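Below is one structure, written out as structure tokens; the observations come after it.
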Amino acid sequence: MMERDFGSALRTALAGLPEGAVESLEVSGSVATLRVNLGSLRAVLESLKSFPEAACDFPANLTAYDTGEEMFLVYRLASIERGWQALVLCRVDRSEPAAPSVTDLWPGFNWFEREVYDMFGVRFEGHPDLRRILLPDDWEGFPFRKDYVSRPSGSPLRGPQPIDRGAQG
Amino acid sequence: MSLEPRTDPNPPTAEPETPAKGPAIDAQALHQEILDLGTQGMVMNMGPQHPSTHGVLRLILTLDGEEVMACEPMIGYLHRGLEKMAERRPYRHFLPFTDRLDYVCSLANNLACAQAIERLAGVEVPERAQWLRVALMELNRIASHLLFLGTFGTDLGATTMLLYAFREREEALALLEAITGARLTYNWIRVGGLPDDMPENWDKGVLAFCDLLESRLPEYDRLLTDNPIFRRRTEGVGVVSPEDAKAYGLTGPTLRASGVAYDIRRWAPYEKYAEIDFDVVVLRDGDTFARYLARRLELEQSVRILRQVFDKLPEGPIASKVGKVLKPPPGIAFSQVESPRGELSFTMVSDGSPNPVRVHIRAPSFANLTVLADLVAGNKVADVVAILGSIDIVLGEVDR
Amino acid sequence: MIAQALENPWIRQLVNAAMLLAVINLGVLVLIYLERKVAGYIQSRLGPVHVGPRGWLQSVADAVKLVLKEDIIPAPADRFMFVLAPFFVFVPVLAVFLVLPFSSGWVAYDFSLAALYVIAAGTVAIMGIVMAGWGTNNKYSLLGGLRSAAQLISYEVPVVLAILAVVFFAQSMSLVEIAEAQRGFRWFIFQPPLLVAAFVYMIGQLAETNRTPFDLPEAESELVSGFHTEYSGIRFAMFFLAEFANTFFASALAVVLFFGGWDGLPGLTGALWLVLKSYVLVFVLMWIRWTLPRVRVDQLLGFAWKVLVPIGLIVVLWAAASVVYARGVAR
Amino acid sequence: MNPLRTLLGGLWRIFLGMGLTLKTFFRPKVTIRYPYERRPVSPRYRGMFYLKWNEEKQRLNCVGCTLCAQACPTDVISMNKVGKGTTAGVDEFVMDLGRCMFCNLCVEACPFDAIYMGDRYEFAVTEKEGSVLRIVDLAQGGPENARRNVETLMRLQAEAAEKGKPGESPKPQARPAEEGA
């Protein structure tokens, strides 16, 4: 029962979007997985939040992952009242990663976006203060990209190894 | 890694250089210049090495006397790159690393990580193991909340509270040591269950501890909860409205103190929480006292849960068979666990190889810390310590 | 030869002063040990046990350690203020012991305006603390120093009012006469107005000696340790001793003002009664310290001006009225 | 509420708190005076490692199968295997404790009941090299057992050589824990 009305609520919420916006949508249990293309990412997220049926107003998680060939953004939004959550996946161009910032919709994602920028180099347009959050400000390269080369710093006994900062991402 | 000191993002404004030694000082201009100067806030560093930042958190406070005009938290001093390390090891080798995330409640991290792998690889966990996992979670939650009571009391000056809370926490750690062998970094949850069964009459030890704790809770109330000075220091300080709490992605007691009923044990029940009868502690005021009281009342709920676990504990295997090399099918999965600090979630991506493509750790302390900067502005220095203490963060899981 | 040297008044006063200094420092060492033991027992732990029999020599070991430890003067510090500050805090505390009557004969100097002298000498310490706060050129110490200036000044007023009420009853400012007026168990604490005055006095002295719940200037959890963060070695020892000597003096003065000074059952000599009673009061101060949390700065000042000072004024009026009424009836 | 009542109410609750601290003042204390008294340690305590000594066979159980080394997330264990089949054993077993997390994965992975974590928790060292433990430090019963182990292995190898047949591979003894990670 839960899946049917969550699925229908999502479809009504996303009805107003252009055709190619949502590439795929499956619902299993209380989690809906949407694949969205970058162009209409912002529109999908806005409708997920504002549409009364979907009402995904809780910013549960935002991260990214890089498989070496493609890079994906992963948004997880929950609706506390209705008890379901939406997992939104969106492919991002690896060489020039950029995405619309959603800090105005969910202030909670401010630091999450800064961390994704810090680790993957995804530039979030519209982010109030896009700086590195975990690494020192003058760190070169984005460590979590698969093409970031850094040999391990050696075991304490073998002494510090010269750290090769690796080819820039 | 560059070792020179980090550049200060907002260096104090440069001194206006004194006007050149002209023949006559233009009094009017000088006077105007002094007026324009206005009160220049004193930029002060609280941390990263400070008695009450609960770890290596650095707060750049701009003070106007005792008032805090602006605060910018700087994190990353404890960043070890755990998520990158996970990509270089087989799935199950990463489990011991998760103890070092939220080192105050490491069993919650173990469970979140194991649960993510189990969901990714479709591994079933036997009944008995699920019940024992619930017992371990609640015991670890009690130990973590006791540590909170102690350090929060010390932050506000009541150092005796630390000794009383740690006296009870010692009993909990002894019980956890009896079953896992370790006192802090347990690493005692495996993919598919537990490494070993509980020693015999361990349950009697836990029930005895529950009675002891229940007899000591009224003492904590007399020392802190009902103390007028403690009330005056915490009531009405750092209020978070339910809308802001949700918008900032706060979770755990910090969110529930503002009136939002979001507890993963009831919202998306995992292990055996669906079959356990307990109340989710939800308060209304959203101030520092409410956050303290939320954790104080959760202690009673955890005791209630522990008592139910042992009379429903079935016989049976303690772990399910998992092959020598674990290769989950390609895909993405995430786990959700209610750690004492909030929703702890591991998101894992697999491409079928023995090593994960990506392991992301959604740490509750990281999300809860975002609200600190806005909460603290306008309060006093003493309140900064109280508010930070009431959010109860652990830097291990903030920096990962 | 010694007896002949003692005739010369200067030598006698010097010996007298040296003896007083020794008694105070010894008392403070005992006090430090007592504080750590009481803190331990309240927190269900043992406190110092290793150094000496049952840990008695612990404070001696602390003192020796502090003296031998290298005392560092931080580079950016204002050397002159940094070095001078401990003396400004330590000396007034010792100076104030001058007028404390251990028993009828045992007083260094029976000053007729002793009460006024005590208050005046006490305020010099405020300058010392602010000098320390400013001198170390460290932001935490500055905050600690300014906080304590505000705190000491605002809690000076209730203490003065309480002492004033006592002076009305004793009709004299000399501590010896105040104590004399209470001989034969007619302690001032049993007079209703002075009971409230004692309450106001004790809370005021809690703040004067920077003890919890008013230990803001050295709030560990906020300001690392306030004005004496950068001090180490002998200079820190002076601050440390000053604080404990001040605590002892505050309770000894309370005993003289309200609990009859050296008046006690004939068993012991007068002085021992005074010391015994003040140690009981010191125990109460420690007991409060290890139970209550710390107040915030604005609450601290608000409590002083909005609660303690009004009560103090009422007590003074009430005391004056009851003295006049008693005099009227007597005549 | 009128101010007098709040003041008195507050005072009363402060006295309640002080009553508690006074009661604890007279209650028995919880201090364990380490090093004179020690806290009892549970049988499953994960302290310093030791290689189990087999009394009848006069050798260490370890056959050098490196399963524990593979199970270790931080490559703490390295060993030098001698002999083959039933005469297999180790004459050197190095554990670099500087990298060890005491996570117990090696003990669970060992099918030959050879490596355990004991109850000793005082093994601080003054320099980094001190944290690298050799077989002489790890063998249960001290360094001479390490020596005897090597002697037994040499003897077994000599007997196997002159009988001319390599022993078949060692069967894992019965072991309570299930097949580990």
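Protein chains in written order, with our numbering: chain A, 142 to 310; chain B, 257 to 656; chain C, 4 to 334; chain D, -18 to 162. C-beta atoms are modelled at their ideal positions from N, C-alpha and C, and glycine is treated no differently. The model shown is predicted, which means the values in this text are computed figures rather than measured ones.
- Looking at L419/B, A385/B, G297/B and H616/B, the one whose alpha-carbon comes closest to that of W293/C is L419/B.
- Chain D places a beta carbon closer than 9 Å to that of F350/B, counting this residue as a contact.
- Nearest C-alpha to Y289/A among L230/A, A240/A, L158/A and T208/A: T208/A.
- Around the beta carbon of P585/B, fewer than 16 other beta carbons sit within 10 angstroms, so the residue counts as exposed.
- Among the residues of chain B, none has a CB under 7 Å from the CB of E36/D; the nearest is roughly 25 Å distant.
- Taking 4 residues as the shortest admissible run, the stretch 3 to 57 of chain D contains the following complete alpha helix (DSSP H) segments, listed from N- to C-terminal end: 48 to 52.
- When the beta-carbon positions are compared, L351/B and L432/B stay at least 9 Å from each other.
- N61/D is bridged by DSSP to E73/D.
- Interface criterion not met: the Cβ of R299/C is under 9 Å from no Cβ in chain D.
- Counting C-beta pairs closer than 8 Å gives fewer than three between the stretch 125 to 143 of chain C and the stretch 52 to 67 of chain C, which falls short of the contact rule.
- According to DSSP, C231/A shares a beta bridge with V177/A and L214/A.
- Here DSSP, grouped into helix, strand and coil, assigns M82/D to coil.
- For the stretch 343 to 377 of chain B, the beta-carbon criterion of a distance under 9 Å to any beta-carbon of chain D is satisfied by R345, P346, R348, H349, F350, L351, P352, F353, D355 and R356.
- Excluding sequence positions up to five before and after L137/D, its CB lies within less than 6 Å of the CB of T68, all in the same chain and listed in chain order.
- Within chain B, no residue has its CB atom less than 9 Å from the CB of F7/D, the nearest being about 14 Å off.
- In this structure, the straight-line span from the alpha carbon of R487/B to that of F545/B is close to 7 Å.
- For V319/C, the three-state secondary structure derived from DSSP is helix.
- Within chain B, the residues placing a beta-carbon under 9 Å from that of S171/A are A524, ordered along the chain.
- In this structure, A98/C is the residue among I35/C, V332/C, M176/C and A98/C with its C-alpha nearest to the C-alpha of A21/C.
- Judged by their CB atoms, R521/B and V536/B are nearer to each other than the 9 Å cut-off.
- Per the coordinates, the alpha-carbon of E653/B lies some 27 Å from the alpha-carbon of F534/B.
- Going by DSSP, T407/B is part of the alpha helix (DSSP H) stretching over E383 to D411.
- Listed as beta-bridge partners of Q226/A by DSSP are V172/A and A219/A.
- Contact annotation for K33/D against chain C: no contact, minimum CB-CB distance about 39 Å [criterion: below 8 Å].
- In terms of Cα proximity to Q296/B, the closest of L319/B, G311/B and T309/B is L319/B.
- If you check the CB distance, G634/B and V605/B do not come in under 9 Å.
- In its chain, beyond the 5 residues on either side, A201, Y204, M205, Q208, S281 and L284 have a beta carbon closer than 8 Å to the beta carbon of A257/C.
- L469/B sits away from E426/B, with the two beta carbons spaced by 9 Å or more.
- Each residue's CA atom was taken as its position, placing N35/D and L41/D some 6 Å apart.
- Taking 7 Å as the cut-off between beta carbons, the residues of the stretch 601 to 613 of chain B near chain A are S601, T603, V605, D607 and V613, in sequence order.
- Using a Cβ distance threshold of 9 Å, S308/B and T407/B count as a contacting pair.
- Scanning S165/A, N202/A and R145/A for the CA closest to the CA of S601/B turns up N202/A.
- In the DSSP secondary-structure assignment, Y206/A is bridged to F213/A.
- For K577/B, not one C-beta of chain C is nearer than 9 Å to its own C-beta.
- Straight across, the Cα-Cα distance linking Q174/C with E10/C is about 35 Å.
- By the Cβ neighbour-count rule, R344/B is exposed, with fewer than 16 other Cβ atoms within 10 Å of its own.
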